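Listed in order, the protein sequences are those of chains Y and U.
Each residue of the first sequence is one higher than the last, beginning at 205 in my numbering.
Each residue of the second sequence is one higher than the last, beginning at 205 in my numbering.
Number of protein chains: 2
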Amino acid sequence: MGKNLTSREQDYSKWYNELVVKADLAENSAVRGCMVIKPYGYAIWEKMQAELDRMFKETGHQNAYFPLFVPKSLFEAEEKNAEGFAKECAVVTHYRLKTDEENKGKLIVDPAAKLEEELVVRPTSEAVIWNTYKNWIQSYRDLPILINQWANVVRWEMRTRLFLRTSEFLWQEGHTAHATRQEALAETKQMNDIYAEFVENFMATPVIKGAKTENERFAGAEETYCIEALMQDGKALQAGTSHFLGQNFAKAFDVKFATKEGGLEHVWATSWGVSTRLMGALVMTHSDDKGLVLPPKLAPIQVVIVPIYKSEEQLDQISEVANGLVKDLRAKGLSVKFDNRDTQKPGWKFAQYELQGVPVRLAIGPKDIEKGTVELARRDTLTKEFVAMDAVVEKVAALMEEIQDALYDKAKNYRDEHITKVESFDEFKEVLKKKGGFISAHWDGTPETENKIKELTKATIRCVPFDRKEEGGACVLTGKPSMGRVLFAKAY
Amino acid sequence: MGKNLTSREQDYSKWYNELVVKADLAENSAVRGCMVIKPYGYAIWEKMQAELDRMFKETGHQNAYFPLFVPKSLFEAEEKNAEGFAKECAVVTHYRLKTDEENKGKLIVDPAAKLEEELVVRPTSEAVIWNTYKNWIQSYRDLPILINQWANVVRWEMRTRLFLRTSEFLWQEGHTAHATRQEALAETKQMNDIYAEFVENFMATPVIKGAKTENERFAGAEETYCIEALMQDGKALQAGTSHFLGQNFAKAFDVKFATKEGGLEHVWATSWGVSTRLMGALVMTHSDDKGLVLPPKLAPIQVVIVPIYKSEEQLDQISEVANGLVKDLRAKGLSVKFDNRDTQKPGWKFAQYELQGVPVRLAIGPKDIEKGTVELARRDTLTKEFVAMDAVVEKVAALMEEIQDALYDKAKNYRDEHITKVESFDEFKEVLKKKGGFISAHWDGTPETENKIKELTKATIRCVPFDRKEEGGACVLTGKPSMGRVLFAKAY
Chain Y
205 MGKNLTSREQ DYSKWYNELV VKADLAENSA VRGCMVIKPY GYAIWEKMQA ELDRMFKETG
265 HQNAYFPLFV PKSLFEAEEK NAEGFAKECA VVTHYRLKTD EENKGKLIVD PAAKLEEELV
325 VRPTSEAVIW NTYKNWIQSY RDLPILINQW ANVVRWEMRT RLFLRTSEFL WQEGHTAHAT
385 RQEALAETKQ MNDIYAEFVE NFMATPVIKG AKTENERFAG AEETYCIEAL MQDGKALQAG
445 TSHFLGQNFA KAFDVKFATK EGGLEHVWAT SWGVSTRLMG ALVMTHSDDK GLVLPPKLAP
505 IQVVIVPIYK SEEQLDQISE VANGLVKDLR AKGLSVKFDN RDTQKPGWKF AQYELQGVPV
565 RLAIGPKDIE KGTVELARRD TLTKEFVAMD AVVEKVAALM EEIQDALYDK AKNYRDEHIT
625 KVESFDEFKE VLKKKGGFIS AHWDGTPETE NKIKELTKAT IRCVPFDRKE EGGACVLTGK
685 PSMGRVLFAK AY
Chain U
205 MGKNLTSREQ DYSKWYNELV VKADLAENSA VRGCMVIKPY GYAIWEKMQA ELDRMFKETG
265 HQNAYFPLFV PKSLFEAEEK NAEGFAKECA VVTHYRLKTD EENKGKLIVD PAAKLEEELV
325 VRPTSEAVIW NTYKNWIQSY RDLPILINQW ANVVRWEMRT RLFLRTSEFL WQEGHTAHAT
385 RQEALAETKQ MNDIYAEFVE NFMATPVIKG AKTENERFAG AEETYCIEAL MQDGKALQAG
445 TSHFLGQNFA KAFDVKFATK EGGLEHVWAT SWGVSTRLMG ALVMTHSDDK GLVLPPKLAP
505 IQVVIVPIYK SEEQLDQISE VANGLVKDLR AKGLSVKFDN RDTQKPGWKF AQYELQGVPV
565 RLAIGPKDIE KGTVELARRD TLTKEFVAMD AVVEKVAALM EEIQDALYDK AKNYRDEHIT
625 KVESFDEFKE VLKKKGGFIS AHWDGTPETE NKIKELTKAT IRCVPFDRKE EGGACVLTGK
685 PSMGRVLFAK AY
């Protein structure tokens, strides 16, 4: 069957790579760094999309669609943004292939079809969107603009990993325009909060909300807020970011509006995004050496029923009971699969659904029919119990919430245990090496110190937590004064 | 206000272009041939997506995602397909920009970052998908594969029009793999039927189902089935296609499976797609000189309520009534907007919602409050009536179906009146010139005759209708024998 995974302890990175492929989430494609998201993986992504989309719409955002390509002249209009992305751009230079006369049948790029201006495949859409907003915004009456886009983007990464870092990925990018700085800042905050709410409530993954340091900010942003999660190997993962762009893009694209008071001012901007990277975070937060562990709220199949039988007659009896359960469980809003394939044995199915992280498995055999019971197996705890047939629907429905909460609690306990306060750089290095996780330390506030620490330890400042206490201290590296702790970690 | 449209009679093409922009559906972008789909247009597309996606899933299909890029060597593996799309490919040749030292601050393509193999931006995904299926299919147990993808594709068109023909467009593309020819053919037929059902029931646009001639087939297909609609200017529009690909892609990518009987055979394939082009069809089927007319099932706003007031006190009274209506209409599952903005006058709002095709408008003024009435205006017929307040919810709910049906009937009557049987080529040309629409004529079955007719008249064979009668006759151009009529038309 080839389902045996490398264990996390053996090689966490290998465990992840194997799991993503074996659980049918995604695989590498023939295109360098680009992945194929397989149906089972895509079904999880669709559930994520549906919830996020609902949350965006409930806060007044609308979806729209902007071009895949950014003409080079637009791309470079906002200098910092261009500088930040120039090194990883896929560039379209031609618009036609032709048959190579010297090499019959082979196609080559047609040199006569060279574009006058090269097109960058969007690594992010601020440029093309702000160039559009210029025509949409004249007066304060046109504001705010609250738009989101679901799209693919391309960033030419040299070292890629399924979901975590791919040359093409899927994401949503919100781009809003506001009349005032305060309003734009409030939007930036709101969307970061929505991301936190989604990741905590649906992915059952606890996050820390905070602001990025200057070094880690989005290219072209004045502030980047983020949510940071912790994976089981003690490395942090940035799960979402929300940027306050100030007036940078409005200035680069000359977007001004007539104020209520009769003035003319540049517009304030935000942008915010989460991507298929969340799939990687989901896998790494909960899964174990047997495979995926999915929170019920995002599981494409929440309950699977496996019949155990030797004769057709037994299967008929079991099917009758199982079909009744399917109906009753669906009536509770649950997504249920009755796997009555005769091409695979029960043991194979058990391993498969374990690997794919189905939260609850019900097995029904001839003895269960006699006794009026069902064997219920819980994926997160790997525990089994027999449940009376007439109690199983209620039990399973209740379990969905219980499992969702248990996964969150487990992840939160792990995360909380892995936030370590340190007072010296030696301690910093030791904790980083032996325990990992977030290191809460004083920092003198300079990019130089941050860079030096990164150089020495590979740890970066994940965020300045919003809820940090004001607390005088000495920088863990330089000893210079600090006003509060920030969180360091090695990160994905 | 700038809302006055060119009339259809004046200039149909101009009317369409203006309408799409003024009704806030889409606009041209800074990127040649690529459009921006604005929130109102995108909301309609989302409704289309939701219905189609549901229909695909109900017939056992799953969504997945494949790479945007196709390496040139894969792209050219299936020769006919490659030949068909080579002339309109956007090609990525480089993966980095750099600062031009001789022209400080400007970015140029970095010659050191040339790709070893060029990447084609997908014009369609058969190549990249069949290269993937190769690894997914070993045995009959792995079949069928029933996958759909929602994606953007790029075909470098020289003459573009919003929605109808754009260099980048959004679409879905189904790609299925089967063990037998019959099964693949049945799938091809099923998906064409699903498209017909969607376009007729949701877009209220009647279609003719049929097969394409060899000339008009998808590059690489053995059969292309299609649904053809008729626009108000007498031109046909291909609204969806479903292709039977035979074993062409399986052979090009060497995809074989072990049969139940122990043999080894090439897999049978289908692909099928509809795109944002449907938005163009929707606009052109129903709209009038006042603006869009949307079928209720796809209208982002089905009912708008406009208050008519002079004082704040009146507005308060009206709002109380309106909010009650909003609640009751929403309880009926309707999408309702109460437009109480004080920045725009009622007349402006009336024109705006007419332009945007909101099916039903309710206006409430102080006199209505006194009398217990509401003014109800119907967009499709441009008729108005007063309705008793306590009857309005039922009335509006019933109207949704009535309007949906009326739009379909109107379009069907127009379409049926514009199918003309002709017996001579003179008649053919005259009908085409004076009346337009579908011309039902005998054809000798050769590509040469089809090409000649196209050359002489610009009309092409839209399809060989599935329901055509067997009827001996003489080709309208050559006089050679024909077994039945086919439908010609000028087309978008």
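From the three backbone atoms N, C-alpha and C, an ideal C-beta is built for every residue, glycine too.
These figures come from a predicted structure and were not determined experimentally.
DSSP places Y:H298 inside the beta strand (DSSP E), whose first and last residues are V295 to H298. Distance from the CA atom of U:N655 to the CA atom of U:A400, rounded to whole angstroms, is 28 Å.
From the beta-carbon of Y:P500, no residue of chain U is found nearer than 9 Å; the closest lies around 20 Å away. In the three-state reduction of the DSSP assignment, Y:K302 falls in the strand class. Only residues of its own chain outside the window of five on either side were considered, and among them E231 have a CB closer than 6 Å to the CB of Y:V225, listed in chain order.
About 7 Å separates the CB atoms of U:T328 and U:E377; that is less than 8 Å, so the two are in contact. When the five nearest sequence neighbours on each side are left out, the beta carbons in the same chain lying within less than 6 Å of the beta carbon of U:P570 are those of Q518, in order along the chain.
Bridge partners of Y:Y618 according to DSSP: none are assigned. Taking 9 Å as the Cβ-Cβ cut-off, the region 330-346 of chain Y approaches chain U at V332, I333, N335, T336, N339, W340 and R345, given in chain order. With the criterion set as a beta carbon lying under 7 Å from some beta carbon of chain U, the members of the region 224-246 of chain Y are S233, A234, V235, C238, V240, I241, K242, P243 and Y246, in sequence order.
If you look at U:P511, you'll find it in the beta strand (DSSP E) that goes V507 to P511. For U:P669, the nearest beta carbon of chain Y is not closer than 7 Å to its own beta carbon. DSSP, read as helix, strand or coil, puts Y:G245 in helix.
U:Y513 has a beta carbon lying at 7 Å or more from every beta carbon in chain Y. For the region 284-301 of chain U, residues whose beta-carbon sits nearer than 9 Å to a beta-carbon of chain Y comprise A286, E287, F289, A290, K291, E292, C293, A294, V295, V296, T297, H298, Y299, R300 and L301. At a cut-off of 7 Å, the C-beta of Y:W360 has a neighbouring C-beta in chain U.
Per DSSP, the continuous alpha helix (DSSP H) segment holding Y:Y557 begins and ends at P550 to L559.
With a threshold of 7 Å between beta carbons, U:E255 makes no contact with chain Y. Looking at U:E589, U:K541, U:E420 and U:M407, the one whose alpha-carbon comes closest to that of U:T664 is U:E420. Taking 7 Å as the CB threshold, Y:F260 stays off the interface with chain U. U:K658 sits in a helix when the DSSP states are folded into three classes.
Residues D346 and I349 of the same chain have their beta carbon placed closer than 7 Å to that of U:W340, with the five preceding and five following residues left out of the count. With a 10 Å radius around the Cβ and a threshold of 16 neighbouring Cβ atoms, U:A595 comes out exposed. Going by beta carbons, U:T384 and U:T474 fall outside the 7 Å limit.
Beta-carbon to beta-carbon, Y:K276 and Y:E321 are separated by about 6 Å, close enough to satisfy the 8 Å threshold. If you look at U:E292, you'll find it isn't in any beta strand (DSSP E); DSSP assigns it neither H nor E. For U:K460, no alpha helix (DSSP H) segment is defined; the enclosing uninterrupted segment is the beta strand (DSSP E) at K460 to A462. Under the 7 Å criterion on CB atoms, Y:Q556 is classed as non-interfacial with respect to chain U. For U:C430, DSSP records a beta bridge to U:G414 and U:T445. Rounded to the nearest whole angstrom, the C-alpha separation of U:G649 and U:L681 is 11 Å. Shown in chain order are the members of the region 261-273 of chain U whose Cβ falls below 8 Å from a Cβ of chain Y: Q266, N267, A268, Y269, F270, P271, L272 and F273.
The Cβ-Cβ distance between U:G414 and U:P669 falls below 7 Å. Going by C-alpha positions, Y:E418 is about 51 Å away from U:P499. Taking a C-beta cut-off of 8 Å against chain U, none of the residues of the region 577-589 of chain Y qualify. Between the C-alpha atoms of Y:F448 and Y:A331 there is a straight-line separation of about 15 Å. Within chain U, no C-beta atom comes less than 7 Å from the C-beta of Y:T364; the nearest is roughly 12 Å away.
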